[in-house]
Structures are given as structure tokens and as C-alpha cells.
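Residue numbers (the UniProt record's numbering), protein chains in the order written: chain A, 1 to 445; chain B, 1 to 445.
Taking it in order: structure first as C-alpha cells, then the write-up.
There are 2 protein chains.
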Amino acid sequence: MAEPLPDLIEEFVSDTPIEDPAAIVTALAAQDDVYIASLLESLPVERRRAVWEGVPRDRKLDVLVEMRSDPREILIDGTEDHEWSAIFSDIEAEDLLELLDSLPNRLVDLAYAELDAQQQDYFREATAFDDAQVGHWLNHDLLVLPLNAKVREGLRLVRRQVPNHCDSIFLVNRSGQFSAAVKVTRLLSAPEHLPLVELTEDNVSVLKGTDESTSASLAVQRSGLASLPVVDDNNKLIGRLDIGSASELVNEFYERQVMASAGMDEDEDLFSPVAKSARNRAVWLGINLLTAFMASWFIGLFEGTLQQVVALAVLMPVVASMGGIAGSQTLTLIVRGLALGQVTSANFRALMIKELKVGGVNGVIWAIVIGIVAYFWFTDVMLGLVICLAILFNIVAAALAGVFLPVILDKLKIDPALSGSVILTTVTDIVGFVAFLGLGTLFLL
Amino acid sequence: MAEPLPDLIEEFVSDTPIEDPAAIVTALAAQDDVYIASLLESLPVERRRAVWEGVPRDRKLDVLVEMRSDPREILIDGTEDHEWSAIFSDIEAEDLLELLDSLPNRLVDLAYAELDAQQQDYFREATAFDDAQVGHWLNHDLLVLPLNAKVREGLRLVRRQVPNHCDSIFLVNRSGQFSAAVKVTRLLSAPEHLPLVELTEDNVSVLKGTDESTSASLAVQRSGLASLPVVDDNNKLIGRLDIGSASELVNEFYERQVMASAGMDEDEDLFSPVAKSARNRAVWLGINLLTAFMASWFIGLFEGTLQQVVALAVLMPVVASMGGIAGSQTLTLIVRGLALGQVTSANFRALMIKELKVGGVNGVIWAIVIGIVAYFWFTDVMLGLVICLAILFNIVAAALAGVFLPVILDKLKIDPALSGSVILTTVTDIVGFVAFLGLGTLFLL
């Protein structure tokens with residue numbers, strides 16, 4: 001078994017870390033590429049560069065491929081020019097596609113030149129699709145036979161070599177169109193002269209190169225097969241999407257959702273340089289500042305009221321935050337439903353009614369609780385009534401915003417996981433402040 | 001190809017939906033279990049029950065297994081008692097384990113009684129592990145041979161049957177301990193009398209039944225193999241974790257993270273009954289209310305100041321929300337790092353320093369911007385200076401809280417993805433309000 005990650009981080013980051021290049025090489029030799037990639041991501045930049053020097057040159061490409069873009073770029077920047085031709089010596093189209101975002105153009109050209117003619121074709125074909133499409137992530141290592149092939153030919157093919165995550169032979173007609181799939185293991189017990197078409201699998205989903213990559217990847221994960229065939233617009237077989245790539249794409253999709261909730265992307269580096277990290281995050285802080293100032297501006301409309309009833313200022317955060325939480329619960333549920341194709345125009349109305357009811361119930365309950373607390377705190381019945389109404393109003397408005405916002409953003413092709421929560425809390429802040437201070441102005445002055 | 005999900009949702013939810021049971025049966029016949037499960041989750045409760053009636057009885061079990069707990073429980077509650085023995089007639093241990101959370105005890109007993117003796121053993125063995133451990137999710141469908149077996153015996157074994165997502169024969173010694181793995185496809189081109197030990201794979205990771213299920217599942221996804229062997233404490237082979245289950249476990253892990261950010265769990269139903277949904281969410285709203293009241297209490301300490309300088313009340317949300325956003329960025333990054341094992345005590349100090357620097361840079365920049373805006377808005381130099389200092393202070397405090405909180409929660413075995421953001425915003429709210437109003441009291445009165 002490989003040494004667990006934390007132990008090796010410890011050795012490399014401790015106060016007297018391994019500095020001897022030979023010792024680093026030895027420590028890394030027992031580890032696989034994924035492990036080394038994860039280790040490098042976990043190290044502060046200086047240490048990361050030192051350990052990178054200890055990665056054998058013939059493994060550097062495989063390690064880079066396994067890393068996230070941001071931490072990987074730091075290593076690419078720190079690698080000297082003369083090293084690259086050795087690193088790229090065995091590169092394939094698939095590797096170059098993985099690294100594409102992180103390599104400067106001159107290195108892309110250098111790597112491209114190292115590809116053989118077929119790999120260059122694969123690379124060009126893949127880049128004709130954008131990276132949210134299945135066609136960008138094709139595996140070209142296929143077992144293919146003509147539709148009229150027999151078990152004998154199938155066995156001859158699989159005896160040569162079976163690629164990773166490949167459990168089926170794809171049968172194509174004379175135009176190269178996908179016709180059917182036969183599991184490799186079915187050949188083993190079949191008579192040699194049997195036509196392969198007698199052994200085909202039922203209900204194999206066929207993917208299109210232009211299909212969206214996350215939903216296609218989920219289809220692969222659910223298929224029970226190791227890969228699904230991918231065709232072009234004319235149904236011609238152009239490759240397969242294997243469950244290894246599919247899992248990576250699904251995991252990236254989820255990481256994007258998790259990181260988007262804080263306005264970051266999934267390639268964010270634990271130890272990115274301070275200037276870069278500060279710049280990335282400043283954008284989100286700036287957007288948030290605009291929305292915060294908008295909320296302040298609305299509060300400012302009620303300066304006179306606040307001056308006379310200072311309890312309103314004290315209780316403002318309660319109104320705003322209850323709306324924000326209630327809204328984000330609805331939003332999160334709808335965003336997931338949209339991503340999985342479970343929220344559509346057909347069930348939208350039913351969803352809205354259900355969320356309004358949930359908002360209504362929680363609105364009433366918490367409005368009463370908060371009204372009573374406010375009454376006892378400030379011994380003021382009218383203040384209790386005002387906050388009670390404001391909370392009810394804001395929680396119901398939050399439910400509506402939580403249902404409508406992501407659907408509208410989705411229609412506008414804006415990622416609701418990224419921008420939904422900022423816009424939502426802007427809405428709930430402003431509705432909350434205006435309702436609370438507005439009712440306060442009416443009833444408390 | 002199967003009909004896309006939205007179309008069928010449309011047919012079943014539209015104003016004149018399919019009500020004829022025979023028509024529902026026909027519409028569902030062409031769809032696979034995963035699809036029907038997803039469709040049922042997308043339907044309002046009444047429609048969901050009607051469509052459920054149209055699912056053929058011999059597919060009901062497979063559909064239930066593919067559903068999330070909450071929507072599934074509604075269907076289980078609505079299924080009549082006499083139907084269950086037919087639904088459970090072909091049940092296996094794996095299915096019962098999937099349904100365990102959703103079935104009332106009497107149905108668990110009924111299903112258990114339908115298992116044959118071996119499946120009952122598997123079920124009992126699995127439930128000896130908790131569901132966050134690999135042992136709970138074992139696949140017992142294995143290709144196993146003794147360590148001294150030859151290719152001939154391997155071929156005989158795989159000609160009988162190869163299970164899904166199984167690409168290797170596991171070799172065990174006389175005590176049943178796992179020794180090595182041989183890929184099935186390597187048998188095809190090997191001489192019949194060759195010992196299998198000559199064909200073993202290098203570096204196959206071995207999982208323990210007590211391993212944490214998410215990291216073990218990631219190991220399967222990264223292995224390039226269709227499954228990894230799982231052993232007990234004595235290294236005895238007890239099963240395998242296949243890439244199908246592994247992908248489901250990883251996806252569930254990520255969904256838990258996404259939903260946790262809004263205080264929900266991954267089984268939340270789009271159309272759960274209003275009372276249940278309101279109750280689930282009320283807990284989170286209640287926790288949030290306590291923290292909001294704490295923040296209000298701190299504001300209340302400065303009532304006198306607020307009465308005299310009402311501009312402070314107007315600008316309060318800006319100070320609090322900038323701290324909240326900055327903190328949640330750090331928190332999200334650290335929570336992901338903890339989940340992937342990339343944040344440890346070894347690199348914690350380096351991480352803290354980096355996040356403090358990022359917080360310092362953004363703190364200074366936005367403190368100046370906000371100070372200037374506040375100055376021009378209220379034409380008050382001192383007010384600009386007060387908010388400038390409060391913002392700087394709060395963003396730096398937010399960075400510290402964002403680094404320390406998840407690590408402390410993790411040590412206390414509390415999920416930082418769930419509770420981290422509530423505690424963090426409580427901290428940044430209180431620090432922000434106290435810094436801003438405290439400085440205001442010192443310099444503006």
C-alpha cells in the first residue's frame with residue numbers, strides 16, 4: 001500500500017524538510033501519479049517546486065495531467081525550456097487536451113509537433129468541440145468490427161489488446177455507422193463461427209459528440225458498461241466515453257458547484273500566489289459590495305425612522321438573514337433539479353406552489369416567534385407586530401425568488417450555481433429592509 | 001434512444017395528464033430503471049403515485065433502489081401491504097441495503113425473509129459496517145481462484161460468467177487472504193498451462209472493509225480498474241468495490257456538500273409534503289435565528305451611538321457582508337482540501353499565512369474603496385476612516401475564521417460543510433458590527 005498522503009505532506013513541509021533531491025526521488029518512487037499530483041497540490045509553492053524537481057522526467061507529463069489547472073501552471077512556469085521536449089516525448093492527444101488550458105501557446109505547438117499524424121488528427125477533431133461537449137473528451141482506443149464479423153474475429157481482436165475501461169466490441173456498418181455492442185466476455189463461451197450480431201447488448205445508449213458532457217457522463221456511470229459509443233451527426237462512430245473520463249467529468253461538475261457558491265472556480269489552488277488569489281477573489285467581493293451598497297441605499301431612505309426608533313437598526317439583521325436562509329434553501333433545491341433535468345416548465349408551477357406553501361408555513365411560525373421575542377426585548381407591541389409582518393413577507397418573497405431566479409438565469413444561459421446566491425441575497429436583503437423599515441415608518445412613528 | 005426526461009415529465013404533469021393506467025405502462029416500458037426513478041422524483045406527489053401504479057410490479061424494486069430516500073418513502077408509504085411479497089420476490093442483499101433507510105421495520109423483516117441463506121449472510125455482514133464504510137457497500141460477485149491456479153482454470157471460470165464492472169480475477173492463498181489480481185483480458189492471449197501468478201497486475205490498491213467510503217471510492221475511480229479488492233483486518237478477501245458503486249458514493253458525497261451549504265441533506269425531495277419539508281428546513285432557520293439574535297444583541301450594545309450617528313445603521317450591512325463573503329471563500333477552499341486529505345497539520349501554518357496575506361491585500365483594497373465611498377456619501381472624513389478600519393479588521397478576521405473553523409470542526413467530528421458557513425457568518429457579523437460600531441463610538445461621538 002502507498003504511504004497515506006498526510007504523512008508525505010508532513011515529511012516535505014516539516015521544519016527540516018527533505019531537501020536532498022535523491023531522497024525526494026526515493027520517496028516518490030513508490031507513489032502513483034494521482035498521489036504525486038495530489039501531494040504537489042498540497043505543498044506551498046517553494047516546496048512544490050523543490051519536490052517537482054524530484055519527479056522523474058518520464059513521469060512529469062502523467063503527473064501534470066492529474067493536477068488542477070492553477071497549481072499545475074505554477075510548475076509549468078517553473079520548468080526550464082530545455083526539459084519540455086523530454087517531457088513531451090511520449091505525449092498523446094488526450095494528454096495535450098488535458099493540459100491545453102495551462103500551457104502557453106509555444107508549448108502547445110511544441111507538444112503538438114511531438115504527436116504522430118493520427119494523434120494530431122485526434123487532437124484537431126477534439127478541439128473542434130468545446131470542452132463542455134462529449135466530443136472533446138473522446139477515447140479513440142476502440143474495439144471495432146464490421147457488422148457481419150464472427151466470434152472468431154472478435155477473439156482475434158481481443159487477444160491482441162483490450163484498452164482500459166473497455167468491455168465491449170462496437171459493430172459498425174459499411175458507412176462506419178454504429179450498429180450494436182457486444183460484451184467481450186460473451187465471446188468467451190460462444191462458438192467461433194457464430195455471427196457477433198447474435199450476442200449484442202440491448203438498450204445501449206448512444207452518445208452524440210455534441211451532447212453536454214455532464215449528463216452524458218452520468219449516462220455512462222448509470223449504464224453498467226465501461227464505456228458508451230459516441231457518434232457524429234451522421235451516426236458515424238467517432239469514439240467512446242469511458243467511465244474513467246466520465247467520473248472525472250462528473251466530479252469536476254460537482255466541484256464547480258461547490259466552489260461556485262463562494263464565487264471561485266474548481267481549479268483554485270490551495271497555495272496560489274497571493275497576488276493571483278487576491279485578484280481572483282476581489283471580483284466576487286466587488287460584485288458583493290455593489291449589492292451591499294444597494295441594500296444600504298434602501299436603508300438610507302429610512303434614516304429619519306431609524307433615528308427615532310433605534311430598535312429597528314438593532315433588529316435589521318434578523319429580518320434580512322431569515323429571508324436569505326429560507327431563499328437559499330429553495331434556490332439550492334431548484335439548482336440541483338435544473339442540473340439533473342428534473343425541473344422543467346412542466347412541473348415548475350407545481351414546484352412554485354409547494355415552495356410557497358413551505359415558505360408560508362415557516363414564515364408564519366418564525367414571524368410569530370420573532371415577533372414575541374422582539375416584544376419582550378423592547379416591550380413594544382407594535383414593534384413586535386412590525387417585525388412579525390416583515391419576516392412573514394420576506395420569507396414568502398424569498399421562496400418566490402428561490403424558485404424563479406435559477407430558472408430565469410438558466411434560460412439566460414447564466415450559471416445559477418454561481419450567480420444565484422448573490423442575486424438572491426440582494427433580493428432578500430432589500431425586500432427585508434424595505435418591508436421592515438417601511439412598516440416601521442407607518443406604524444411606529 | 002430513450003425519450004428525454006423533460007418530455008415525459010410534460011406528458012405526466014400537463015393539465016390533461018395521462019390517467020389511463022395502460023397508457024402509463026406503455027410510456028414507461030421503453031425507459032430504463034434509472035430514468036423512471038428520476039421521472040418519479042420530478043413529479044408532484046399525486047402524479048407520482050399515479051405513475052408508480054403504472055410501473056410493472058417486477059420492476060418496482062429496481063426503480064426504488066435508484067431513487068433518493070425522501071421521494072422513495074412517499075411511494076413506499078403508498079404501496080399496499082399485499083404487493084410487497086411480489087416486489088421483494090427477487091430481492092438481493094445489495095437492494096435491501098440500499099432501501100434500508102426508507103423501509104419500516106416490518107418490511108425489512110419481510111424482505112430479509114425473502115433472501116436466501118447466502119444473501120442473508122451478506123446482509124448481516126454488511127450491516128456490521130456503518131454506511132460510511134466500504135464494508136457496507138461490498139459487491140460479493142467475485143472471480144476468485146487459488147494462488148496456484150493456471151490460465152486454463154481462469155478461462156473456465158470466466159467462460160461461466162463475468163459480473164458487471166469486473167475486469168479481474170482475484171488470487172487468494174489458502175487462508176483466503178488476497179494475494180494478487182489478474183486482468184481477465186490477459187488470459188486470452190496466454191498459454192493454457194501458464195500459472196496465473198505470472199500475469200498479475202502491479203500496484204493494485206487493496207481496500208479495507210473499515211476504510212472511509214468516499215476516499216476508497218475515489219481510489220477505485222482513479223485505479224483504471226473496474227473494481228478494487230476489499231479485505232478484512234486479517235487481509236482475508238471479503239468482496240470488491242466496483243466503479244459503479246464507487247461513482248454513486250462519490251456523487252452522493254458531492255451532493256451532500258452542495259445541499260449542506262443550505263442546511264439540507266442530499267435526499268431532500270423536490271415535492272416532499274409541505275409539513276415534512278417545512279419541518280426539515282425549520283431546524284436550519286431556527287439555528288440561524290439564534291445567531292442573528294446574537295448579532296442583534298451586540299448591535300444593541302451600541303444603541304446610543306446608533307441614535308446619534310444614523311449613518312452607522314445605514315452602512316452596517318456593508319461591513320458584515322464583506323466579511324461574510326471573504327470568509328466563505330477561505331472556508332470553501334479549506335473544506336474541500338480537508339475532504340480530499342490535502343489540508344493537514346503539516347501544511348496548516350503555511351495555509352494560514354497565505355490566507356492572511358490574501359485577506360490583508362483584499363482587506364486594504366476594499367477598506368480604502370469603501371472608506372472613500374462612505375466619505376463622499378455622508379461627507380464625513382471620520383466616518384470614512386471608521387468604516388475603512390472596520391472593513392480591514394473584519395476581512396482579516398474572516399480569513400482567520402475561514403482557516404481555523406473547518407479544521408476545528410473536523411477535529412470535533414462535526415461536518416464543516418454543514419455547520420461551517422453558519423458559524424463563520426456569525427463570527428463575521430459580530431466582529432463586523434462590534435468593530436464598526438465600537439470604532440464609531442470612539443471616534444464619532
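C-beta atoms are modelled at their ideal positions from N, C-alpha and C, and glycine is treated no differently.
Proximal chain B residues relative to residue i, where beta-carbon distance stays under 9 angstroms
i, result
"I243(A)", "H165, Q221, A226, I243, G244, S247"
"S38(A)", "L340, G341, Q342"
"S42(A)", "G337, L340, G341, Q342, V343, T344, A346, N347"
"E10(A)", "T344, S345, A346, N347"
Within chain B, partners of residue i - CB distance below 7 angstroms
i, result
"S277(A)", "V358"
"Q257(A)", "V258"
Residues that residue i bridges to, as DSSP identifies them
i, result
"N139(A)", "R240(A)"
"P229(B)", "R240(B)"
"A181(B)", "F170(B)"
"P195(A)", "K150(A)"
"V204(B)", "DSSP output for V204(B) lists no bridge partner at all."
"Q308(A)", "Partner(s): none; Q308(A) has no beta bridge."
"Q329(A)", "Note: Q329(A) sits in no beta bridge, so no partner."
"V144(B)", "F170(B)"
"Q120(A)", "The partner list for Q120(A) (beta bridge, DSSP) is empty, contrary to what the question assumes."
"E212(B)", "Q133(B)"
Residue of the options minimising C-alpha distance to residue i
i, options, result
"H193(A)", "L225(A), N148(A), I430(A), E268(A)", "N148(A)"
"residue 453(A)", "Q118(A), V431(A), M259(A)", "This structure cannot speak to residue 453(A), because chain A is shown only from 1 to 445."
"R159(A)", "V184(B), S296(B), A22(B), L99(B)", "V184(B)"
"T426(B)", "V319(B), V309(B), A22(B), S175(B)", "V319(B)"
"D90(B)", "I76(B), L115(B), L385(B), R72(B)", "L115(B)"
"V231(B)", "S179(B), S245(B), G359(B)", "S179(B)"
"D20(B)", "S38(B), G54(B), D32(B), R48(B)", "G54(B)"
"L437(A)", "A311(A), G341(A), G337(A), E10(A)", "A311(A)"
"S277(A)", "A226(B), L228(B), F253(B), L351(B)", "L351(B)"
"A282(B)", "V204(A), L385(A), K60(A), G359(A)", "G359(A)"
"C388(A)", "L228(A), L409(A), L439(A)", "L439(A)"
"R174(B)", "L103(B), L145(B), V407(B)", "L145(B)"
"L100(B)", "W52(B), E73(B), T305(B), E80(B)", "E73(B)"
"K411(A)", "L338(A), P163(A), D33(A), V396(A)", "L338(A)"
"N243(B)", "T332(B), A30(B), S217(B)", "What sits at residue 243(B) in the sequence shown is Ile, not Asn. The residue with the shortest Cα to Cα distance from I243(B) is S217(B)."
"P104(A)", "S69(A), L43(A), F12(A), Q221(A)", "S69(A)"
"L196(A)", "S215(A), L157(A), D265(A), I395(A)", "L157(A)"
"F88(B)", "E66(B), R59(B), S102(B)", "R59(B)"
"S163(A)", "H140(A), E153(A), Y254(A), E66(A)", "Per the sequence shown, the amino acid found at residue 163(A) is Pro instead of Ser. Per the Cα distances, H140(A)."
"L445(A)", "L61(A), V309(A), G300(A)", "V309(A)"
"L110(B)", "Q118(B), A86(B), D121(B)", "A86(B)"
Partner residues on chain A for residue i, Cβ-Cβ distance less than 7 angstroms
i, result
"L285(B)", "M322, I325, A326, N362, W366"
"G78(B)", "Those do not exist, as G78(B) stays about 18 angstroms from chain A at its closest Cβ, beyond 7 angstroms."
"N203(B)", "D32"
"A149(B)", "Correct list: empty, because the minimum Cβ distance to chain A is about 16 angstroms."
"E303(B)", "V310, V314"
Chain-ordered chain A contacts of residue i [CB-CB under 9 angstroms]
i, result
"Q177(B)", "The contacting residues do not exist; Q177(B) stays about 14 angstroms from chain A at best."
"F271(B)", "N347, A350, L351, K354"
"residue 457(B)", "In the structure as shown, chain B begins at 1 and stops at 445. Residue 457(B) is therefore absent and cannot be evaluated."
"residue 486(B)", "Given a span of 1 to 445 for chain B in the structure shown, any question on residue 486(B) remains unanswerable."
Nearest-angstrom beta carbon gap, residue j and residue i [assumed within contact, 8 angstroms]
i, j, result
"M322(A)", "N280(B)", "At roughly 16 angstroms, the Cβ-Cβ gap does not stay under 8 angstroms, so M322(A) and N280(B) are not in contact."
"L8(B)", "L39(B)", "6 angstroms"
"Q257(A)", "Q307(B)", "At roughly 45 angstroms, the Cβ-Cβ gap does not stay under 8 angstroms, so Q257(A) and Q307(B) are not in contact."
"I334(A)", "G363(A)", "Going by Cβ atoms, the distance from I334(A) to G363(A) rounds to 18 angstroms, so no, they are not a contact pair."
Beta-carbon neighbours of residue i, restricted to chain A and to distances below 8 angstroms
i, result
"T332(B)", "V258, M259, S261, A262, M264"
Per-residue contacts from residue i into chain B (C-beta, under 8 angstroms)
i, result
"F293(A)", "V318, V373"
Under 8 angstroms from the C-beta of residue i: neighbouring residues of chain D
i, result
"E268(B)", "Considering every chain present, this structure includes no chain D. Its protein chains are A and B."
Pairs of beta-carbons, one from the region 201 to 216 of chain A and one from the region 132 to 140 of chain A, closer than 8 angstroms: are there three or more? Per the Cβ contact rule, the region 201 to 216 of chain A is in contact with the region 132 to 140 of chain A (3 or more Cβ pairs under 8 angstroms).
Any contact between the region 334 to 351 of chain A and the region 379 to 394 of chain A? By contact I mean 3 or more CB pairs, one from each, below 8 angstroms. Segments in contact, no.
Under 8 angstroms: do the region 391 to 402 of chain B and the region 324 to 335 of chain B share three or more Cβ pairs, one atom per stretch? Touching, yes.
Check whether the region 164 to 171 of chain A touches the region 118 to 126 of chain A, taking contact to mean three or more Cβ pairs, one atom from each stretch, closer than 8 angstroms. No, because fewer than three Cβ pairs between the region 164 to 171 of chain A and the region 118 to 126 of chain A fall closer than 8 angstroms, the two stretches do not touch.
Counting beta carbon pairs with one atom in the region 331 to 343 of chain A and one in the region 32 to 52 of chain B, are three or more of them shorter than 8 angstroms? Contact holds: three or more Cβ-Cβ distances are below 8 angstroms.
Can at least three beta-carbon pairs, one atom from the region 269 to 279 of chain A and one from the region 259 to 276 of chain B, be found at a separation below 8 angstroms? Verdict: no, contact absent.
Closer than 8 angstroms is the cut-off here; do at least three beta carbon pairs connect the region 281 to 300 of chain B with the region 94 to 107 of chain B? Because the criterion of three Cβ pairs below 8 angstroms is not met, the region 281 to 300 of chain B and the region 94 to 107 of chain B do not touch.
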